[in-house]
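A.B. asks:
Residue numbers (full-length UniProt numbering): 1 to 308.
1. With residue 7 and residue 56 assumed to form a contact (beta carbons below 8 Å), what rounded beta-carbon distance in angstroms separates them?
2. Tell me which residue opens and which closes the beta strand (DSSP E) that residue 180 is part of.
3. If we call anything under 8 Å between Cβ atoms a contact, is residue 177 one with residue 266?
4. At which residues does the alpha helix (DSSP H) containing residue 262 begin and terminate?
5. Using only the alpha-carbon positions, how far apart do residue 128 and residue 32 sit?
6. Does the beta-carbon of residue 305 have 16 or more other beta-carbons within 10 angstroms, so that it is buried, or is it exposed?
7. Using only CA atoms, which one of 121, 286, 30 lies nearest to residue 163?
8. So, are the CB atoms of residue 96 and residue 63 less than 8 Å apart?
9. Is it buried or exposed for residue 136, if we count other Cβ within 10 angstroms and need 16 for buried?
10. Compare the Cα-Cα distances from residue 103 to each of 249, 243, 307, 296 and report the closest residue.
11. Ends of the alpha helix (DSSP H) at residue 18?
12. If you follow the beta strand (DSSP E) that residue 109 is in, where does it begin and where does it stop?
13. Does the separation of the CB atoms of residue 197 and residue 218 fall below 8 Å?
14. Please tell me whether residue 252 and residue 183 are closer than 8 Å, where the distance is taken between their beta carbons.
15. For the 8 Å Cβ check, are there 3 or more pairs between the stretch 73-84 and the stretch 108-116?
16. Could you pull out every residue in the same chain whose Cβ sits closer than 8 Å to the Cβ of residue 169, ignoring the five residues on either side in sequence?
17. Between residue 68 and residue 22, which are expected to be in contact by the criterion C-beta below 8 Å, what is the C-beta distance as a whole number of angstroms?
18. Between 192, 99, 250, which lies nearest to residue 229 when the distance is taken from Cα to Cα?
19. Going along the chain, which residues of its own chain have a beta-carbon closer than 8 Å to the beta-carbon of residue 284, five neighbours each way excluded?
20. Figure out for me which residue from 48, 133, 290 has the closest Cα to the Cα of residue 148.
21. Once you ignore the five residues that flank residue 288 on each side, which residues in its own chain have a CB closer than 8 Å to its CB?
22. Whole angstroms is fine: what's the gap from residue 286's alpha carbon to residue 300's?
23. When DSSP builds the beta bridges, which residues end up paired with residue 219?
24. So, at 6 Å on beta carbons, what are the nonlocal neighbours of residue 41 in its own chain, with the 5 sequence-adjacent residues on each side left out?
25. In terms of residue numbering, what span does the beta strand (DSSP E) encompassing residue 13 cover?
26. May I ask you to list the residues that DSSP assigns as paired with residue 309?
27. In the DSSP output, what is residue 61 paired with across the bridge?
28. In angstroms with no decimal places, state the Cα-to-Cα distance between residue 235 and residue 79.
29. State buried or exposed for residue 92, treating a residue as buried only when at least 16 other CB atoms are found within 10 Å of its CB.
30. Does the Cβ of residue 233 have 16 or more other Cβ atoms within 10 Å, making it buried, or fewer, making it exposed?
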């Protein structure tokens, strides 16, 4: 039994608060089962003062989205010299910014889709690129704010420039990549299995498909040829290392095999704080690799550090 005091950081105030609470409580339960002393901390603006008083041995970062995944909380933990799970300040900030992450991935030889970044107010009556394309907030997760513009759509999506939009001023417009949704986790410096995500009832892996029970079917190992399977694993590990990630990450891909088995493999993004809910992908990948959920969270706590 460890005896270490672990503060599980969860909740927060991003759009992904409900997912973070679910992830955090699942991890806290598992860590208690592994013998750790656990404090569940619903993060607010006073988090630095609370942690300074609490002085845990390790912080398990179960926050998702802005403030928890973009280097912000990581910087606070560095100042307080409290070891923490997942990626550090730079890797977290870099990976959260879709434009910068794409630059780094491309420079590392990872195939990416053509894209441009523009202000949401620049969307007029003309398409910024030829449809079909995808519009994404530059710094959001869990598919919040993602809009798919189909081939026959006559004008850009009006919601982007409207008062309803709450995902930042900059958006990325990216060529739509046909095909299957594949994802691969990395644990330390080892690529886990490749999962195909099949949304149930939708053509798009949106928030509900990700987190609602029965929202999607996860096929692991993905039913793809061995060379494509190994290619996805290799690219996921390469992205993890190029961004400077540590602990656990997950890279998402599209694989267009409509015309040939080799087809086109495109890296979409890397997630430095993958979900740890009952329907989440990385825990399933870890089980597939022989690591029970308790083993996974224990490994993450023992891997925690600062300045890395």
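The beta-carbon is built from N, C-alpha and C at its ideal position, and this holds for glycine as well.
C.D. replies: For this structure:
1. So it is a contact: roughly 4 Å between Cβ atoms.
2. Taken as a continuous stretch (DSSP letters only), the beta strand (DSSP E) holding residue 180 covers 180-187.
3. Cβ distance < 8 Å, so residue 177 and residue 266 count as in contact.
4. Residue 262 -> no alpha helix (DSSP H), and no H or E assigned at all.
5. Residue 128 and residue 32 have their alpha carbons spaced roughly 51 Å apart.
6. Counting of Cβ neighbours within 10 angstroms places residue 305 among the exposed residues, the total staying below 16.
7. Nearest option by C-alpha distance: 121.
8. When the beta-carbon positions are compared, residue 96 and residue 63 stay at least 8 Å from each other.
9. Residue 136 sits buried, since 16 or more C-beta atoms from the chains shown fall within 10 Å of its C-beta.
10. If we check each option's Cα against that of residue 103, 243 comes out closest.
11. First-last of the alpha helix (DSSP H) with residue 18: 17-33.
12. Counting along the chain, residue 109 falls outside any beta strand (DSSP E), and DSSP gives it neither H nor E.
13. Cβ atoms of residue 197 and residue 218: closer than 8 Å.
14. Yes; because the gap between Cβ atoms is below 8 Å, this pair is in contact.
15. Result no; under three Cβ-Cβ pairs closer than 8 Å.
16. 119, 120, 121, listed in sequence order.
17. Rounded, the Cβ-Cβ distance is 14 Å, inconsistent with contact.
18. Answer by Cα proximity: 192.
19. Excluding sequence neighbours, residue 284 sits near 195, 218, 220.
20. Taking only the C-alpha atoms, the option nearest residue 148 is 133.
21. So the list reads 192, 193, 220, 221, once near-sequence residues are dropped.
22. Rounded to whole angstroms, residue 286 to residue 300 spans 12 Å at the Cα level.
23. According to DSSP, which records beta bridges pairwise, residue 219 is partnered with 196.
24. Apart from the 5 residues on each side of it in sequence, residue 41 sits with its Cβ closer than 6 Å to the Cβ of 7, 9 in its chain, given in chain order.
25. No residue range can be given for residue 13, since it is assigned to no beta strand (DSSP E) and is classified by DSSP as neither H nor E.
26. Residue 309 falls outside the range modelled here, since the chain spans only 1 to 308, and no answer is possible.
27. In the DSSP output, where bridge partners are listed per residue, residue 61 has 9.
28. If I take the Cα positions, the gap works out to 33 Å.
29. Residue 92 comes out buried.
30. Under this definition residue 233 is a buried residue.
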